[in-house]
Amino acid sequence: MKQIKIKCPAKLNLTLEVLNRRPDGFHNIKSIMQTISLYDYLTISIRHANSTKILLSGNSEEIPYNEKNLVYKACELFLKEANINDVKIDVYIEKNIPVAAGLAGGSTDGAGAIYGLNKLLNIFDNDKLHTLCAKLGSDLNVCLQGGCLLATSRGEIIKPLPVIEKDVTLIKPSNLGISAKEAYTKYSLKTEKSQNNMTEKMVEALKNGTDIESYLYNDLEYAFFDDYPELQQIKQSYQQAIMSGSGSTYFILGDIKNTKFDENYIVINNLKFIGDGVSVV
Numbered sequence: 168m169k170q171i172k173i174k175c176p177a178k179l180n181l182t183l184e185v186l187n188r189r190p191d192g193f194h195n196i197k198s199i200m201q202t203i204s205l206y207d208y209l210t211i212s213i214r215h216a217n218s219t220k221i222l223l224s225g226n227s228e229e230i231p232y233n234e235k236n237l238v239y240k241a242c243e244l245f246l247k248e249a250n251i252n253d254v255k256i257d258v259y260i261e262k263n264i265p266v267a268a269g270l271a272g273g274s275t276d277g278a279g280a281i282y283g284l285n286k287l288l289n290i291f292d293n294d295k296l297h298t299l300c301a302k303l304g305s306d307l308n309v310c311l312q313g314g315c316l317l318a319t320s321r322g323e324i325i326k327p328l329p330v331i332e333k334d335v336t337l338i339k340p341s342n343l344g345i346s347a348k349e350a351y352t353k354y355s356l357k358t359e360k361s362q363n364n365m366t367e368k369m370v371e372a373l374k375n376g377t378d379i380e381s382y383l384y385n386d387l388e389y390a391f392f393d394d395y396p397e398l399q400q401i402k403q404s405y406q407q408a409i410m411s412g413s414g415s416t417y418f419i420l421g422d423i424k425n426t427k428f429d430e431n432y433i434v435i436n437n438l439k440f441i442g443d444g445v446s447v448v
């Protein structure tokens, strides 16, 4: 038996601008994404067997441990592409990244599974790993690569940007998860859509070493902002807070020790921007 442990970082959308709907149902975007020091952990074991079997387990009651999980799909795709059909794979998922939170919790675990299996079996080069990630979803390539990245198309085409040192605090309503489908559907119904080119402005700021805070932006934030008083409370308490991805997590640059929220909110501080993606523990 071979075994490995992989740490899988969450990501933030420092900017997220929605361009248009694609024929495949996804949306073309421009986004600057940044991995942060909040991790899920995958313990992956593999052994020879008479036929392929993938077994998932973990510490969270909020995610499925079957073929619906992106980790399962990632293992299945890896084995198919590698033409392997005689192994048993066990994956234990230690979930620390909130679910349905706009932090790529599922995507980073999927990328971690592909990365971890390849570390154990040493079959594919890095370009092939990115090809596999792109087949599975929009954020996996960002989580595989890590750091600060310009993400375009549906998010799978990435370009490295300078990584800066920043502390960050996350604030999320405890019982509110928002799906990407809901967020993009409600955004498509909006008649007025701003065009601020914040992504391009932030790219220049990162390259020039100037402050990025005034360019933090998310097109999806106001797509459903009026529907959820919990989100309005975050914005009222911290006007500078910005939503990540399709929500429902907001983030604030800086380490805020004494927030104004009760047990109905999850507050995670002492986080930092990092330059890495999924990696071996």
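When we follow the numbering used here, the leftmost residue of the sequence shown carries the number 168, and every step to the right adds one. Glycine included, C-beta positions come from ideal geometry on N, C-alpha and C. Here the structure is a predicted model, which means the values were calculated and not measured.
Beta-bridge partners assigned by DSSP to S224: Y259.
In its chain, beyond the 5 residues on either side, A249 have a beta carbon closer than 7 Å to the beta carbon of I290.
For T426, there is no enclosing beta strand (DSSP E), as DSSP marks it with neither H nor E. Counting the other Cβ atoms within 10 Å of the Cβ of H215 gives fewer than 16, which makes it exposed.
In the three-state reduction of the DSSP assignment, A177 falls in the strand class, which pools E and B. Taking each of L296, S346, Y382, V258 in turn and checking the Cα distance to P265, the smallest one comes out for S346. Excluding the 5 residues flanking it on each side, Y282 has same chain C-beta neighbours closer than 7 Å at I173, L296, L311, V445, in chain order. In the DSSP assignment, T352 falls within the alpha helix (DSSP H) that extends over 347-356.
Only residues of its own chain outside the window of five on either side were considered, and among them K174, C175, P176, N263 have a CB closer than 7 Å to the CB of Y206, listed in chain order.
L311 sits in a helix when the DSSP states are folded into three classes. Counting only residues of its own chain and dropping the five nearest sequence neighbours on each side, K353 has a CB closer than 7 Å to the CB of A390, F391. For the pair I379 and L287, the CB atoms are not nearer than the 8 Å cut-off. The beta-carbon separation of L183 and L328, rounded to 15 Å, does not stay under the 8 Å limit for a contact. Cβ-Cβ distances below 8 Å link P190 to nothing in the same chain once the five nearest sequence neighbours on each side are left out. L383 and I409 do touch by the CB rule: their CB atoms are close to 4 Å apart, below 8 Å.
Apart from sequence neighbours up to five positions away, the residues of its chain that approach S204 with a beta-carbon distance below 6 Å are L438, K439, I441, ordered along the chain. DSSP places K333 outside any beta strand (DSSP E), giving it a letter other than H or E. Leaving aside the five residues that flank I213 on each side, the residues in its chain whose CB is nearer than 6 Å to its CB run, in chain order, K169, V254, I256, L287. For K439, the enclosing beta strand (DSSP E) has its first and last residue at 432-439.
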